[in-house]
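Working notes, structure below.
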Amino acid sequence: MRGPWPTPARDGIRATVIATALKYEMWGHRKIAWLCLHEHGLQITEATCLRILREAGLTLPVDYAREARDLAGARREAFLDPPTRRNQVWQMDFFELETAGGGTWRSGDVVDYWAKVVLAGPVTKTQTHRDAIASVMAAIEEAERLLGRPLIEDLIDPDGTIHPIYLVTDNGPCFKADKFARFIDSRPELTHIRTRKKSPETNGVIER
1206 MRGPWPTPAR DGIRATVIAT ALKYEMWGHR KIAWLCLHEH GLQITEATCL
1256 RILREAGLTL PVDYAREARD LAGARREAFL DPPTRRNQVW QMDFFELETA
1306 GGGTWRSGDV VDYWAKVVLA GPVTKTQTHR DAIASVMAAI EEAERLLGRP
1356 LIEDLIDPDG TIHPIYLVTD NGPCFKADKF ARFIDSRPEL THIRTRKKSP
1406 ETNGVIER
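Add 1205 to the 1-based position in the sequence shown for my numbering, that's all there is to it.
Here is the structure:
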């Protein structure tokens, strides 16, 4: 059987293109092609660069740039001025718990940034979007128990404006899942913010 047609133009620069894309993971194929030329002296068309990235599974989603801008804006709004009351910023993360028998469990903790109160920490064997949703629901229930009223009522101004809680997480797969996003969208009490990649310190209270 004949193999695939040779593609010398791509094969000769494939490794450099992929390495550059992994180094600058927020940049699209046009900027990667520009970098290959100006940093490595590689003549590459944008179309060839895009094909290489597609084959390697490194292309960005269509709405990636808009999503990145929205996330950056939400991060600035959440942390530009420190929270001054409860239920302004919640932080969430999963922690591994090792048993004496060598097993591993995970605790999905949710902490109120200002009050420093642990609102939830259910222990599970997995770390899926279902577990993340269950942790957030447990936090909402605990917040309502402490308030003695629905959480949404603690977030409404006298004029009826809702100020949702910023739920800050890292970029774990469970928090990037579509079903987790749909769950957040269904809760007017919450706005989800993911920390910048390789910057876990922006989720500091829960990481300590």
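Even for Gly, the Cβ is constructed at its ideal location relative to N, Cα and C.
Please name the residue or residues paired with residue 1297 in a DSSP beta bridge.
Per DSSP, 1315.
Which class does residue 1230 belong to by DSSP, given the choice of helix, strand or coil?
Here residue 1230 sits in coil by DSSP.
Between the C-alpha atoms of residue 1323 and residue 1264, what's the straight-line distance to the nearest angstrom?
If you take the alpha carbons of residue 1323 and residue 1264, they lie about 39 angstroms apart.
Name the residue from 1306, 1310, 1345 and 1230 whose alpha carbon lies nearest to the alpha carbon of residue 1325.
Cα-wise, what sits closest to residue 1325 is 1345.
Flag this pair as touching only if the segment 1337-1352 and the segment 1303-1321 have three or more C-beta atom pairs under 8 angstroms; answer yes or no.
A contact exists between the segment 1337-1352 and the segment 1303-1321.
Residues in its own chain within less than 6 angstroms of residue 1332 by CB, not counting five upstream and five downstream?
The residues are 1299, 1311 and 1379.
Which of the three DSSP states, helix, strand or coil, is assigned to residue 1331?
Note: residue 1331 maps to coil in three-state DSSP.
Alpha carbon to alpha carbon, what distance is there between residue 1221 and residue 1194?
Since the displayed the chain opens at 1206 and closes at 1413, residue 1194 lies outside it and no answer follows.
Short of 8 angstroms in beta carbon distance, which residues of its chain neighbour residue 1386, apart from the five on each side in sequence? Order them along the chain.
Around residue 1386: 1397.
Please name the residue in 1255, 1339, 1219 and 1261 whose C-alpha comes closest to that of residue 1384.
It is 1339 whose Cα lies nearest to the Cα of residue 1384.
Kindly indicate which residue of 1254, 1287, 1227 and 1302 has the alpha-carbon position closest to the one of residue 1218.
Nearest option by C-alpha distance: 1254.
Using 8 angstroms as the threshold, is the C-beta distance between residue 1313 and residue 1337 below it?
Yes. Within cutoff.
Given a threshold of 16 other Cβ atoms within 10 Å of its Cβ, counted over all protein chains shown, does residue 1248 qualify as buried or as exposed?
Classification for residue 1248: exposed.
What number of angstroms, rounded off, separates the C-alpha of residue 1327 from the C-alpha of residue 1302?
The alpha-carbon atoms of residue 1327 and residue 1302 are separated by roughly 12 angstroms.
Are residue 1367 and residue 1360 touching if we call contact CB-CB under 8 angstroms?
Their beta carbons are under 8 angstroms apart, which means residue 1367 touches residue 1360 by this criterion.
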